[in-house]
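Novice: There's a structure below that I have some questions on.
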Ligand SMILES: Nc1ncnc2c1ncn2[C@@H]1O[C@H](COP(=O)(O)OP(=O)(O)OP(=O)(O)O)[C@@H](O)[C@H]1O
Ligand SMILES: [Mg+2]
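Put into structure tokens, the structure is as follows:
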């Protein structure tokens with residue numbers, strides 16, 4: 420490795436560190452909730468909720484490893500399957516992923532839903548395994564999903580023992596009917612609170628220790644990374660992203676330490692706050708608005724007026740059979756501003772101006788297209 424980075428793995432987005440500073444309590448809560456599972460093989464359920472970048476996925480991934488370890492120690496058969504609802508939206512594709520968790524060669528095509536359900540039943544009864552299904556980005560589950568019912572009533576429906584962990588930015592228990600809520604459990608919430616600066620510093624220090632040679636970060640650089648994360652909703656993701664980018668900027672520079680200027684450079688080239696998962700959270704009509712804004716601003720423009728934008732937006736919605744009116748337009752613009760995707764500048768006596776904060780328009784466009792690709796959403800340009 421280079422002069423700064425000793426191991427690049429811990430700087431990758433999907434790396435899960437061996438311990439999660441300031442999520443110990445939440446880990447214990449999950450542990451308590453799953454005690455009946457580990458001890459008596461009874462199903463347990465949990466919902467992990469918190470804003471983007473607060474460590475929901477990392478926490479559950481860590482917990483899955485822990486459960487598998489516990490099961491091994493107690494000689495119990497446990498199978499954890501992780502599914503992102505961003506990548507697999509329909510009940511069909513989620514169940515397919517679950518089956519592929521048992522058998523990576525499980526045929527994907529040509530099977531009906533009923534056949535997959537039967538295969539799940541027979542696999543479960545053959546392997547006598549306790550299945551733990553993790554549904555990440557569960558807020559993207561289809562409104563009429565049957566899976567919560569199926570997974571939480573698995574015994575009655577003769578699927579064997581299944582536990583369910585839902586991960587979501589918003590509380591999705593209000594989408595469950597009374598019966599589902601009854602089986603899912605009413606006190607199953609693990610809420611991840613926002614990090615403060617001191618906590619983010621510990622997360623940063625841990626990453627530095629895992630990934631960098633000793634004494635390679637100046638104090639000033641560390642402060643600027645923390646400033647960057649605090650400016651952007653206190654996301655731990657921003658900490659990791661800025662550390663990675665500034666470490667490689669310092670290496671390219673041939674420097675022996677990460678200096679404040681390397682962090683400034685990293686900040687200019689980094690926009691982790693416009694994340695795919697955050698775009699995926701928006702309704703399709705708000706996604707179209709973000710895509711339209713990025714499209715308008717890509718062509719040499721710094722700002723676009725809200726009147727002009729409304730015409731472009733109406734056209735884009737028309738082409739895609741999406742009905743919007745003035746109220747929906749302003750509601751969506753408001754939502755994009757609140758989430759930090761766009762800035763809206765009030766102008767005296769004129770239409771307001773819209774701009775993209777710190778991130779290139781083509782980057783935003785590419786990310787929206789990626790979300791549509793993953794979610795199978797058709798869009799006519
Ligand atoms: N307590 C922590 N300790 C160490 N690293 C952390 C901690 N919390 C989050 N991270 C890191 O921050 C990044 C973002 O975390 P994660 O992906 O788990 O967030 P999330 O809540 O799932 O966000 P999203 O809703 O956007 O999916 C990851 O790189 C993760 O490893
Ligand atoms: Mg996540």
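Residue numbers (this note's numbering): 420 to 800.
Note that beta-carbon positions come from the ideal geometry of N, C-alpha and C, so glycine has one too.
Grouping DSSP H, G and I as helix and E and B as strand, with all else coil, what is residue 590?
Specialist: coil
Novice: Hey, residue 453 and residue 486 are a contact pair by Cβ (cut 8 Å); roughly how many whole angstroms apart?
Specialist: Between residue 453 and residue 486, the beta carbon gap of about 6 Å places them in contact (Cβ cut-off 8 Å).
Novice: Less than 7 Å separating the Cβ of residue 772 from some heavy atom of ligand 1?
Specialist: no
Novice: Examine ligand 2 and report whether any of its heavy atoms sits within less than 7 Å of the Cβ of residue 426.
Specialist: No - ligand 2 has no heavy atom lying nearer than 7 Å to the Cβ of residue 426.
Novice: Is residue 442 a contact residue of ligand 1, with contact defined as CB to any heavy atom under 7 Å?
Specialist: yes
Novice: Measuring from each Cβ to the nearest heavy atom of ligand 2, keep the ones under 7 Å and list them in chain order.
Specialist: 475, 476, 555, 556, 586, 696
Novice: To the nearest whole angstrom, what separates the beta carbons of residue 530 and residue 578, a pair I think is in contact under 8 Å?
Specialist: Wrong, their Cβ atoms sit about 17 Å apart, outside the cutoff.
Novice: Hey, would you say residue 882 sits closer than 8 Å to residue 662, going by beta carbons?
Specialist: A query on residue 882 cannot be resolved here, the shown segment of the chain reaching from 420 to 800 and no further.
Novice: Which whole-angstrom value describes the C-beta separation of residue 666 and residue 678, a residue pair presumed to lie in contact below a C-beta threshold of 8 Å?
Specialist: That pair is no contact at about 11 Å.
Novice: Would you mind listing the alpha helix (DSSP H) stretches within the stretch 611 to 680 that are 4+ residues and don't spill past its ends, in chain order?
Specialist: 616 to 630, 638 to 650, 655 to 671
Novice: Please confirm whether residue 619 and residue 587 have their CB atoms less than 8 Å apart.
Specialist: no
Novice: Give the single residue among 457, 446, 680, 617 whose Cα lies nearest to the Cα of residue 548.
Specialist: 457
Novice: To the nearest whole angstrom, what separates the beta carbons of residue 515 and residue 527, a pair I think is in contact under 8 Å?
Specialist: 6 Å
Novice: Which residues in the same chain as residue 791 place their Cβ atom closer than 7 Å to its Cβ, once the five residues preceding and following it in sequence are excluded?
Specialist: 798
Novice: Who does residue 724 pair with in a DSSP beta bridge?
Specialist: Checking the DSSP bridge columns, you'll see residue 724 partnered with 772.
Novice: Return the CA-CA distance between residue 436 and residue 591, expressed in angstroms with no decimal places.
Specialist: 28 Å
Novice: Report the CB separation of residue 726 from residue 770 in whole angstroms; it is logged as a contact under 8 Å.
Specialist: 4 Å
Novice: Once DSSP output is grouped into helix, strand and coil, what is the label at residue 740?
Specialist: coil
Novice: Cα separation between residue 505 and residue 571?
Specialist: 21 Å
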